[in-house]
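Per the working numbering, the very first residue in the sequence shown carries number 684; after that it's consecutive. Below: the structure, in structure tokens.
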Amino acid sequence: MRQWRQILGFFRADWVHVAAAFGLLLVSTAVALFKPWPLAWVVDRLTQPAAGPEVGSGVRAVVKWASVLVAVHGLHALLGAAQQALVIHTGLRGLARVRRAVFGWLLGISLRRLQGAQAGDLIYRATWDTHAFQTLFQQGLFTFVGASLMLVTMTVVMWRFNPPLTLVALATVPGLLLVMKFFGPRMNQRAGLAQAADAGVAALVQQAVANLPLIQGFTRERTEAARFESEVDGALGARWRQHRAEVVYLAVVAVVFAIGTAGIVAMGAREVLAGNLTVGHLLVFLAYLAQLYEPLNQLSHVGSTVANARAGAQRVLELLREDDREIPPAGSVPPPFPSAATLEFDSVSFAYTAGQPVLREVSFQLAAGEAIALIGPSGAGKTTLLQMIPRFLEPDTGSLRLNGRKLSEYSRRALRENVALVLQESLLLPTTIAENIGYGRDHATRAEIEAAAQAANAHDFIQRLPQGYDTLVGDGAARLSVGEKQRLSLARAFLKDAPILLLDEPTSALDTESEALVLASLRRLMQGRTTLMVAHRLATIRAVDRVVVLNEGRVVEVGTPIQLQTQGGYFARLNHARG
Ligand SMILES: Nc1ncnc2c1ncn2[C@@H]1O[C@H](COP(=O)(O)OP(=O)(O)OP(=O)(O)O)[C@@H](O)[C@H]1O
Ligand SMILES: [Mg+2]
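This is the structure we're talking about:
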């Protein structure tokens, strides 16, 4: 029930359409009730010799009733088509709404949640499972209500002619409900397992696409094929179990119907012979019977379709329910701060998994406009520490302060708008180079983009590309070298022009000459901005005011490069080793 409420919530905005569709359903049901009558009147006229008119008027009457028959059927078809069209269109609009909601959810999830998810599974849910909402609206709601309505109105009409016969017709309904009750939950559960298995297959394909160079380079095609085979086998088994239940269910339903039909025919014939029913009325009865079984049959089919769709909808609702979006902090959100920002780590500890701390009581400060290089061995926690500043991660204990206020007092949005970020792994969107550079700023001009590219020493290589700044990058388009991507990321950060600069090894993939050129720009950029930069290369480290050395999540050395040089610690060893 709760699930249905959530599902229908996506159609609430279209309530006018929904109401209109229900109105059409009512009218078309009324017309459907009338459908067998013209034929019944004709038959009764032919089989009642008492009425016995001459042939000419009889033929005229038949022609008249035949025209009425065509008109009634035509009207019913027309109303049905209009109703269907309305329901389908509304269903599609609901689907679009669900997709928007899922995508919105996706944009708002935390990095930790994303790291814990399988991309393929998320994609499957966002694209395929969302269809379930449309199915449930169309089949679940309208077919169900339409069939129920037909069932009730026909029962009322039949009752007026022959209550005992009506009871026989209705006797199948409890049997059918019993069958549905038995098979419904089973089919639902199996459909859920089958969808999860399909999502697993999608995830594996996605992983293989992403890791193809690795797979081919290490010639692991057979291993991957075997892994895929077992995943596909699992999915096959799950789907097979689901469809097997459906097939058995439909067969059982057919048998229940057959028993019901046989009962009606036998009983109806007796009533006619006993003179309790005219042949015409028996025809109406039989026609209703066929029409009654149609909605019942629909309901039974709907049972399996709905079970399948509910499992899909469940998988989507599960995502939407785990809403870890930020509740904006109470009180006023501070406006963007002036360029000079102080940043303070106060005893910050953090663990991805409980009991395995990655940061341990980290404390240090960045003065306004200061540039600090964060160095330390791989796995020391440098990237983790950097990710705390835009609040991608939140400290377990301790706190970060920006301009003296706790980071948690700023909304993530306000915070991120004031941070320019260069990630360790350069991310590019599948669009043009110019759009990639201008990504962080709305309506960046071409001149601004080119200036940023110049500063990141990217302008020259961009100009050599076939379409220059309009070259498409990313999936299926121009591939860039790692160093080129890194320079585009830098240009993007340059253009954003934010008071806080966070750089995770911004020059690691550059040759010495490029690095020198980028560093010159970086020095200019760092003027008047608070900068935290993870770095390994000495030339880069020498560009900063102070160095913080992190080892196993602890701050082990802090000082100017010159101070640390004389202390003989990690930094001095680094200096020594690299000359
Ligand atoms: N998403 C994550 N889930 C669990 N553990 C993680 C996650 N990201 C990083 N870690 C672990 O946290 C520790 C610190 O990782 P981090 O990326 O901060 O190191 P780093 O200092 O940036 O290293 P590098 O110089 O290699 O980039 C590592 O032991 C790593 O395995
Ligand atoms: Mg790192």
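Think of the CB as a built atom: it goes at the ideal place given N, C-alpha and C, for glycine as much as any other residue. Only a predicted model underlies this, so the values are computations on that prediction, with no experimental measurement involved.
Cut-off 7 Å between Cβ atoms - residues of its own chain near residue i, not counting five sequence neighbours on either side
i        : result
Ala-723  : Gly-963, His-964, Leu-966, Val-967
Trp-748  : Pro-721, Trp-724, Val-725
Lys-1168 : Ser-1109, Leu-1111
Ala-703  : Leu-769
Gly-763  : Ser-711
Arg-776  : Asp-697
Ala-1135 : Ile-1120, Ala-1174, Phe-1177, Leu-1178
Phe-1047 : Phe-1028, Val-1231, Val-1238, Val-1241
Arg-1212 : Ser-1022, Gly-1052, Pro-1182, Ile-1183, Leu-1184
Sequence-distant residues of its chain with Cβ nearer than 6 Å to residue i (five each side left out)
i        : result
Ala-1181 : Asn-1101, Val-1102, Ala-1103
Gly-1121 : Ala-1127, Ile-1132
Ser-1204 : Ala-1138
Val-1045 : Phe-1028, Val-1031, Val-1238
Phe-1075 : Leu-794
Identity of the residues DSSP links to residue i by a beta bridge
i        : result
Gly-1242 : Val-1230
Met-1216 : Ala-1056, Leu-1186
Val-1105 : Leu-1186
Lys-1089 : Arg-1084
Arg-1237 : Asn-1234
Thr-1115 : Leu-1155
Span of the beta strand (DSSP E) around residue i
i        : result
Gln-1048 : 1040 to 1049
Glu-1027 : 1026 to 1034
Leu-1085 : 1080 to 1085
Within 7 Å, strictly: CB atoms of residue i and residue j
i        : j        : result
Gly-1081 : Ser-1032 : yes
Gln-1265 : Ser-831  : One cannot answer for residue 1265 here, as it falls past the ends of the chain, which runs 684 to 1262.
Ile-690  : Phe-816  : yes
Leu-1002 : Arg-685  : no
Leu-1178 : Arg-1124 : yes
Gly-1059 : Val-1232 : yes
Leu-1098 : Pro-1073 : yes
Pro-1078 : Gly-1236 : no
Gln-925  : Ala-874  : yes
Ala-928  : Arg-869  : yes
Asp-1187 : Thr-988  : no
Ala-1050 : Thr-1214 : no
Val-828  : Phe-693  : no
Met-950  : Leu-848  : yes
Asn-1119 : Ala-1024 : no
Val-1230 : Phe-1254 : yes
Ala-908  : Ala-877  : no
Asn-845  : Leu-960  : yes
Leu-758  : Val-714  : yes
Ala-1226 : Glu-1198 : no
Lys-718  : Val-755  : yes
Gln-889  : Ala-970  : no
Min CB distance residue i to chain D below 7 Å
i       : result
Arg-873 : Reference to chain D is not applicable here, since this structure consists of a single protein chain.
Host alpha helix (DSSP H) of residue i (start-end)
i        : result
Thr-961  : Note, Thr-961: premise wrong, no alpha helix (DSSP H); not H, not E.
Glu-904  : 904 to 956
Ile-1132 : 1129 to 1138
His-700  : 698 to 717
Met-1209 : 1195 to 1209
Tyr-807  : 802 to 807
Ala-854  : That residue, Ala-854, is in no alpha helix (DSSP H); it is neither H nor E in DSSP.
Thr-818  : 814 to 818
Glu-636  : With the chain running from 684 to 1262 in the structure shown, residue 636 is simply not present.
Ala-723  : 720 to 730
Leu-834  : 827 to 844
Arg-796  : 794 to 798
Trp-687  : 685 to 692
Gly-1123 : Premise fails: Gly-1123 is in no alpha helix (DSSP H) and is neither H nor E.
Ala-1222 : 1221 to 1224
Sequence-distant residues of its chain with Cβ nearer than 8 Å to residue i (five each side left out)
i        : result
Leu-1163 : Leu-1111, Val-1156, Leu-1171
Leu-1083 : Leu-1026, Glu-1027, Phe-1028, Asp-1029, Val-1031, Met-1071, Ile-1072, Lys-1089, Leu-1090
Asp-1228 : Glu-1053, Ala-1054, Ile-1055, Thr-1243
Val-751  : Pro-721
Leu-1323 : Only positions 684 to 1262 of the chain appear in this structure, which leaves residue 1323 out of reach.
Inter-stretch contact (C-beta, 8 Å, three-pair minimum) for the segment 1161 to 1179 and the segment 1134 to 1142 = yes
query = Three or more C-beta pairs closer than 8 Å, one from the segment 793 to 812 and one from the segment 830 to 847: is that the case here?
reply = no
inquiry  = Does the segment 992 to 1003 come into contact with the segment 759 to 777, if we say contact requires no fewer than three beta-carbon pairs (one atom in each stretch) closer than 8 Å?
reply    = no
key: Inter-stretch contact (C-beta, 8 Å, three-pair minimum) for the segment 876 to 884 and the segment 913 to 921   = yes
ask   = Does the pairing of the segment 1082 to 1091 with the segment 1241 to 1261 give three or more beta-carbon distances under 8 Å?
value = no
Touch test, the segment 856 to 876 against the segment 892 to 908, Cβ-Cβ under 8 Å, three pairs minimum = no
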